[in-house]
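Notes to accompany the following structure.
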Amino acid sequence: MTSQTSRHAEGPEGRFVARVLVYPRAEVLDPQGRAIEDALGRIGFDGVRRIRAGKSFEVALEAADEEQASEAVDRMCRQLLANPIVEDYTVEWVSE
Amino acid sequence: MTSQTSRHAEGPEGRFVARVLVYPRAEVLDPQGRAIEDALGRIGFDGVRRIRAGKSFEVALEAADEEQASEAVDRMCRQLLANPIVEDYTVEWVSE
Amino acid sequence: MTTTPSSAAGEPVVDSALAADHGLTGEEFGGLCDLLGRSPTCTELGIASALYSEHCSYKSSKIHLRRFPTRSRRVVHGPGENAGVVDIGHGWVAAFKMESHNHPSFIEPYQGAATGVGGILRDVFTMGARPIACLDSLRFGEIDGERGARMRHLVDGVVRGIGDYGNCVGIPTVGGETGFHRSYNGNILVNAFALGVCREDRIFTATASGAGNPILYAGSRTGRDGIHGATMASEAFDAESEAKRPTVQVGDPFTEKVLLEASLEAMRSGVVLGVQDMGAAGLTSSCFEMAARGGAGVDIDLDLVPLREASLTPYEIMLSESQERMVFVTQRGQEEAVVEILSRWGLEASKIGRVTDSGRARLTFRGRTVADMPVEPLVDGAPVYDRPAAPPADLRERQRVVDCEAPEDPLRALRSLLGTPELGDKTWIHRQYDSTVRSNTIVGPGSDAAVLRLKGTPSALALTSDVNPSYCWLEPRMGGRQAVAEAVRNLATVGAEPVGMTNCLNFGSPENPAIAWQLRECIEGMAEACRAFDVPVISGNVSLYNETEGEAVHPTPTVAIVGVIDRLEDIGAEGDLHLVLGCGFWRPGDRVVLLGCDSGEYGGSAYQRLLQRVEAGRPPAVDLEAEAALCALLRQSRRAGWLSGCHDLADGGLLLALAECAMARGIGLRGAVGCGPLALFSESQARAIVTVPAARTEELLAAAEARGVAAREVGDVGGDRLVLDFEGGTVDSAIGDLRRVWTEALPRAVG
Amino acid sequence: MKCGIVVFPGSNCDHDVYHVLSHVLEQETTFLWHQETSLEGCELVVLPGGFSYGDYLRAGSMAAHSPIMAAVRRHAEAGGRVLGICNGFQMLLETGLLPGAMRRNRDLRFLSVDVHLRVERDDLAWCSGYRRGDVLRMPVAHAEGNYVDTGEALDELERRGQVVFRYVNGAGRREPAANLNGSERAIAGICNAGGNVLGLMPHPERCAEEMLGNRDGLGLLAGAVAGGGRLGALAAAGG
Ligand SMILES: Nc1ncnc2c1ncn2[C@@H]1O[C@H](COP(=O)(O)OP(=O)(O)O)[C@@H](O)[C@H]1O
Ligand SMILES: [Mg+2]
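One line per chain: the protein sequences are A, B, C and D, in this order. Mapping of the first sequence onto the working numbering: residues 482 to 577, in sequence order. Mapping of the second sequence onto the working numbering: residues 482 to 577, in sequence order. Mapping of the third sequence onto the working numbering: residues 2 to 752, in sequence order. Mapping of the fourth sequence onto the working numbering: residues 236 to 474, in sequence order.
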């Protein structure tokens, strides 16, 4: 499980926006990615080497400070947004 | 539809990696995002203001140059990865 | 290649410690060294440990399984094939089997349950049969309150996993069962059943024969999925299981669907000799079992196996449990025809080796022989244990009869029972399953038995799965009998003759004498009942070591039986069949008749367990003759077209069964029974309620008398209330009220 | 009428439609492989239910790019009949032959139940067996049947009378509880402006025979092949 925090963006009144990306773990089968690769090949995109298909969440939350925001998002990922058994997630911070 | 191109990353031998984010359009109800907001509330995250739930694709492709890569990914999005009636997409470039 | 096999670069040294890590006893390891005449390579050790695991070898259960009757005039293939096969008439055969995916589902409920469905479907279509129906038998722990949070997550994941997989492949899930009990808190049970049909001359077996014939690999590429899965399924849980997490397999139902279509097409092409899917222990079990059945050997070049990651070792390639993979043996020189079919369906296929007459499995990797083992002794000569068995020390305590208090208000008791997840409506589950695809479903989930028409014939198939783990825990032999009896009875309610049984034996560790005893006793009870009803066991699966930190699951020998209704037209008017074969009241004015007698039995009953919070005493006695007589009467009445509905009495007893009949279509009953309030909840066996048009009552009663089955008229169908006089009072409730409690129970419990 | 059922990898209701068209309605019926480019003279083309390409990206999205879809489009543009059921409806949306899109069901779960539908048009061949306002019962079985389009597009759809079926309660009235997947305006099925392309989420092929306890769907399939005299009668009988 990788949790990479790059840049925190703080909006007015302690508002933070995180972007969570969730992908199947590298060693786990990604049937959706495979199917999309094949489909792109069929419709004539030959340059495509690999597709990973995942989920993306934009989480807007209030928190006292960066640290709390970061801690909360990390907990959300572990508890709900990602399934650590088959998925990895990364967290990035975006400005509103 | 928004297509925002930020930074191109070129790997060895004309290999590019794009990240495509696809979200329900703002005016379209996002049942999944809503469900996650509710679920997070139930398990005690009170700071959450809004969740948008979307898809994320990592596309590794070969192309002669940035422009071709960018053009190809944009076409993929329009033809397959996003449905413009209900979804917006953004493209970013990541290094390998 | 004649070189002595050696481990691949970077693999650990094989010694008895490594063997112990693989679950082999010192004796088993010694036996393996003797068999090979040398120390095994790493790959060989992996292979042997998989083949010697309980999952593949049945080493602790084999001696008991021999008790099952396995033959009848209808049996085409008994146990030993991927699925058993029985003749269902009109030139058709049915192939079916049930399998557990308990441990994987506990670790990752969605993928675990999904891949369980995938595996059982492959077992069926590798026989050449087209899958037409699934059942799922589920046991969960407590789901209430804080503590139940993880369990609710498991319920949700398992149900979505089963649904998403079966729905995508397009096989209807037409029934099943769902139970909750604290004994499953640390080990849930997910048993998946699949049934397929096939013209009788089109059945295939998983056999490798004909030296020189090519072996093709088809389907998904091999990754690091589920390595050690087979061994894992045979070990009890402990804290270390967490570390085994990365071994979860991910299912790809789309690939399964195309593999299904392509395989059936390839088998029809005439050039395929044998087919086997890669299930538990992947390439190992498929190669060894196919070779063993054909009395042959195989040479496999592991460099030719399509991989998802280039870095897999031969050990990993042989043990990977990546899903949606198959092995085909074709006529020599004809492999292209099969490759062509597969590729039309978008599937990769590659020739990975050939059949030999050496009787050995020889595996090469990067120019080196990494395994060279005799096939037959490893597959059929795996150790067999007669484990010490003894009744549990507290058996007496368990079976001590506890006085059961009569309810002050039977209606309140009924409502409490209806409001438990255990007895509540299961629609929340089965409405996530496509139950009507393939357009054969006459009766789907929500009845005693599902009924599927067989297109192009006058007949239908009926199927059901049953077991009462509390009964089995209190008195395993009786519980084993009861599971079979209830399944046969459920089939009889729709007039179906049982033609074959499959089962899944879910128990704790057989190394514990009390569990070994439970296993033996349950099997003995099941076997007695099978003989009494003349039902052959044609396939099955054993799942042992379902225990966590010494806490074993209740003994749960899940039984699934398939029955045949010869002529649907005998049973009722075509347009009414879905009503007549269901178990609800629907036609006002019909008479309600109760068949069978009550002996006031409460041990292990829902009333005692769920309302009085006691699990003790002896479970209801199963009188096999009485059951057989009741079932014969039900089938006779069905064939004669007398019945407009039928529901057997099971968990919860008479009042609950009547309430279920009333809730089904919101049509009630006005009636009376001559028993006290407590007896309304007794679970005496061999009983059923039937509805008949008033004009048919005489015939039915006469037939019952002729067969020695007690029969008494209870009342009339009609109105929107359930009104039942009993000795000392009346139950009177609007059906809508009962329905509300019943339908909200499960959704509320799962949150 | 010669009927063609397109088989995509992952189609799983293809045989069910075949059974009704061929054995119940006794039409000349054939399967068409998704990689073909010709419709072999079929007058009715059915895009069946199932999970084409696993529905891995969006339901119907990958099948929409199949070679045969060009021929289906030409057929539709020339006024030929095209019926999309469930996954087939999703494909019609993805190809743009019908307007709108699908989202996941409101409660994000697969939904397998009988629903009630109100017939909103009876001037189309498809509905020749029904009357406007008829309430039909049909099974649905889908995860992505939550129909959506922009407000203007929906208004336009309504104005042109392209809504053919709506989810209603047993009494024929719209209510949120009857619109289980959450579709905008309770839309269950729509047609194109010409009325020759129809898509719907429910499965008429699963309720077209007496033995299955429900024949409400037969009218639609009979309507689909209506044109000959005998067939018109059958269509009427199916309602
Ligand atoms: N997990 C499940 N999947 C599908 N159907 C289920 C499931 N659990 C229960 N059902 C259905 O709910 C109904 C009631 O189940 P149960 O009480 O076990 O029936 P019975 O006592 O007659 O064997 C049955 O029709 C059964 O098929
Ligand atoms: Mg029953």
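All residues carry an ideal CB built from backbone N, CA and C; glycine is no exception.
Residues from the stretch 508-523 of chain A in contact with chain D, defined by Cβ distance under 7 Å: The stretch 508-523 of chain A vs chain D, Cβ under 7 Å: Pro512, Gln513, Ala516, Ile517, Ala520, Arg523.
For the stretch 151-171 of chain C and the stretch 64-71 of chain C, state whether three or more C-beta atom pairs, one from each stretch, are separated by less than 8 Å. Contact between the stretch 151-171 of chain C and the stretch 64-71 of chain C is absent, because fewer than three Cβ pairs lie under 8 Å.
With 7 Å as the C-beta to C-beta threshold (strictly closer), list the residues of the stretch 326-350 of chain D near chain C in chain order. Taking 7 Å as the Cβ-Cβ cut-off against chain C, the residues of the stretch 326-350 of chain D that qualify are Arg344, Phe345, Leu346, Ser347, Val348.
Starting from Arg441/D, find everything on chain C with Cβ-Cβ shorter than 7 Å and list it in chain order. As a first step, residue 441/D is located in the fourth sequence; it is residue number 206 there, counting from the start. Neighbours of Arg441/D on chain C, chain order: Thr437, Ser440.
Is the Cβ of His300/D closer than 7 Å to any Cβ of chain A? Stepping through the fourth sequence from its first residue, residue 300/D is reached at position 65. Yes, contact with chain A.
Taking 7 Å as the CB-CB cut-off, is Met304/D touching chain A? Here residue 304/D refers to the residue found at position 69 of the fourth sequence. Output row for Met304/D: interface = no.
Residue-level contact to chain B via CB, Arg450/D, 7 Å cutoff: If you number the fourth sequence from 1, residue 450/D lands on position 215. Judged by the 7 Å Cβ criterion, Arg450/D is not in contact with chain B.
Tell me which residue opens and which closes the alpha helix (DSSP H) that Pro315/C is part of. In the third sequence, counting from the first residue as 1, residue 315/C sits at position 314. DSSP places Pro315/C in the uninterrupted alpha helix (DSSP H) bounded by 315-320.
Under 7 Å between C-beta atoms, does Cys169/C make it to chain D? Walking along the third sequence from the start, residue 169/C turns up at place 168. Chain D places a beta carbon closer than 7 Å to that of Cys169/C, counting this residue as a contact.
Is any non-hydrogen atom of ligand 1 found closer than 6 Å to the C-beta of Ala651/C, if you look at the structure I gave you? Position 650 of the third sequence, counting from 1, holds the residue named residue 651/C. The beta carbon of Ala651/C sits closer than 6 Å to at least one heavy atom of ligand 1.
Can you tell me whether Ser448/C sits near ligand 1, meaning its C-beta is under 6 Å from at least one heavy atom of the ligand? Working through the third sequence from its first residue, we reach residue 448/C at position 447. Within the cutoff, so yes.
Closer than 6 Å: Asp358/C CB and nearest ligand 1 heavy atom: Taking the third sequence and counting its residues from 1, the one referred to as residue 358/C is at position 357. Outside the cutoff, so no.
Relative to the C-alpha of Ala281/C, which residue among Glu266/C, Leu52/C, Val402/C, Phe366/C is closest? In the third sequence, the residue the question calls residue 281/C occupies position 280. Of the candidates Glu266/C, Leu52/C, Val402/C, Phe366/C, the one whose C-alpha sits nearest the C-alpha of Ala281/C is Leu52/C.
Shortest alpha-carbon distance to Ala334/D belongs to which of Val370/D, Val383/D, Leu456/D? As a first step, residue 334/D is located in the fourth sequence; it is residue number 99 there, counting from the start. The amino acid at residue 334/D is misidentified as Ala; the sequence shows Pro. Selected option, being the one with the closest Cα: Val383/D.
Select from the stretch 251-271 of chain C all residues with a C-beta closer than 9 Å to any C-beta belonging to chain A, and list them in chain order. The stretch 251-271 of chain C vs chain A, Cβ under 9 Å: Val251, Gly252, Asp253, Pro254, Phe255, Thr256.
Presumed contact (8 Å Cβ cut-off) between Met676/C and Phe727/C, rounded CB distance: Locating residue 676/C in the third sequence gives position 675, where the first residue counts as 1. Locating residue 727/C in the third sequence gives position 726, where the first residue counts as 1. A quick correction: the sequence has Cys, not Met, at residue 676/C. Taking a contact as a CB-CB distance under 8 Å, the pair Cys676/C and Phe727/C counts as one, their CB atoms being some 6 Å apart.
When you compare the CB positions of Tyr504/A and Arg533/A, do they come within less than 7 Å of one another, or not? The sequence position of residue 504/A within the first sequence is 23, counting from 1. The sequence position of residue 533/A within the first sequence is 52, counting from 1. Result yes, Cβ atoms of Tyr504/A and Arg533/A sit closer than 7 Å.
Just to check, is the beta-carbon of Gly597/C closer than 6 Å to a non-hydrogen atom of ligand 1? Start at 1 with the first residue of the third sequence, and residue 597/C comes out as number 596. No - ligand 1 has no heavy atom lying nearer than 6 Å to the Cβ of Gly597/C.
Does at least one heavy atom of ligand 1 sit under 6 Å from the Cβ of Glu628/C? Walking along the third sequence from the start, residue 628/C turns up at place 627. No, the Cβ of Glu628/C stays beyond 6 Å of every heavy atom of ligand 1.
Taking only the alpha-carbon atoms, compute the straight-line gap between Arg363/C and Gly496/C and give it to the nearest angstrom. As a first step, residue 363/C is located in the third sequence; it is residue number 362 there, counting from the start. As a first step, residue 496/C is located in the third sequence; it is residue number 495 there, counting from the start. The alpha-carbon atoms of Arg363/C and Gly496/C are separated by roughly 52 Å.
With DSSP run on the structure shown, which of helix, strand or coil describes Asn449/D? Against the fourth sequence, residue 449/D aligns to sequence position 214. The answer is strand: DSSP assigns Asn449/D an E or B state.
Between His438/D and Gly284/D, how many whole angstroms is the CB-CB distance? I'm expecting something under 8 Å. As a position in the fourth sequence, residue 438/D is number 203, starting the count at 1. As a position in the fourth sequence, residue 284/D is number 49, starting the count at 1. The distance from the Cβ of His438/D to that of Gly284/D is about 6 Å, consistent with a contact at the 8 Å cut-off.
Considering Phe400/D, what are the terminal residues of the beta strand (DSSP E) in which it resides? Numbered from its first residue, the fourth sequence carries residue 400/D at position 165. DSSP places Phe400/D in the uninterrupted beta strand (DSSP E) bounded by 398-403.
Give the DSSP bridge partners of Ile532/A, in chain order. In the first sequence, counting from the first residue as 1, residue 532/A sits at position 51. Bridge pairing for Ile532/A: Val540/B [DSSP].
Can you pull the chain D residues whose beta carbon is under 8 Å from the beta carbon of Arg561/B, in chain order? Sequence index remark: in the second sequence, residue 561/B carries index 80 (1-based). Per the sequence presented here, residue 561/B reads as Leu, with Arg not at that position. Contact of Leu561/B with chain D by beta-carbon distance below 8 Å involves Leu292, Ser296, Met297, His300.
Do Val317/D and Val280/D have their CB atoms nearer than 7 Å? Counted from its first residue, the fourth sequence places residue 317/D at position 82. Counted from its first residue, the fourth sequence places residue 280/D at position 45. Contact: yes.
Exposed unless 16 or more other CB atoms sit within 10 angstroms - verdict on Ala394/C: The sequence position of residue 394/C within the third sequence is 393, counting from 1. By the 10 Å Cβ count, Ala394/C comes out exposed.
Can you check DSSP and say which residues form a bridge with Leu506/C? Against the third sequence, residue 506/C aligns to sequence position 505. The beta-bridge partner set that DSSP reports for Leu506/C consists of Val543/C, Pro558/C.
So which residues of chain A does Tyr288/D contact, with C-beta pairs closer than 7 Å? Locating residue 288/D in the fourth sequence gives position 53, counting from the first residue. Result: Ala516, Ala520.
Spell out the partners DSSP gives Asp467/C in its beta bridges. In the third sequence, the residue the question calls residue 467/C occupies position 466. Asp467/C is bridged by DSSP to Val560/C.
Taking a contact to mean a Cβ-Cβ separation below 7 Å, would you say Gly180/C touches Arg140/C in this structure? Start at 1 with the first residue of the third sequence, and residue 180/C comes out as number 179. Start at 1 with the first residue of the third sequence, and residue 140/C comes out as number 139. The answer is yes: Cβ separation under 7 Å.
Any non-hydrogen atom of ligand 1 within 6 Å of Asp157/C CB: Stepping through the third sequence from its first residue, residue 157/C is reached at position 156. Result no, Cβ not under 6 Å from ligand 1.
Assumed close pair Asp137/C, Ala193/C - CB separation to whole angstroms, cut-off 8 Å: Taking the third sequence and counting its residues from 1, one reaches residue 137/C at position 136. Taking the third sequence and counting its residues from 1, one reaches residue 193/C at position 192. With a Cβ gap of about 5 Å, Asp137/C and Ala193/C count as contacting.
Of all the residues that make up the stretch 642-676 of chain C, which are near chain D by a beta-carbon distance shorter than 7 Å? Those would be none; no residue qualifies.
Can you name the residues of chain A whose CB is closer than 7 Å to the CB of Arg531/B? For the purposes of this step, residue 531/B is taken as residue 50 along the second sequence, with counting starting at 1. Here the neighbours are Ala541.
What residues from chain D crowd round Asp165/C, counting only those whose CB sits closer than 9 Å? Walking along the third sequence from the start, residue 165/C turns up at place 164. Those are Phe345, Ala378, listed as they occur along chain D.
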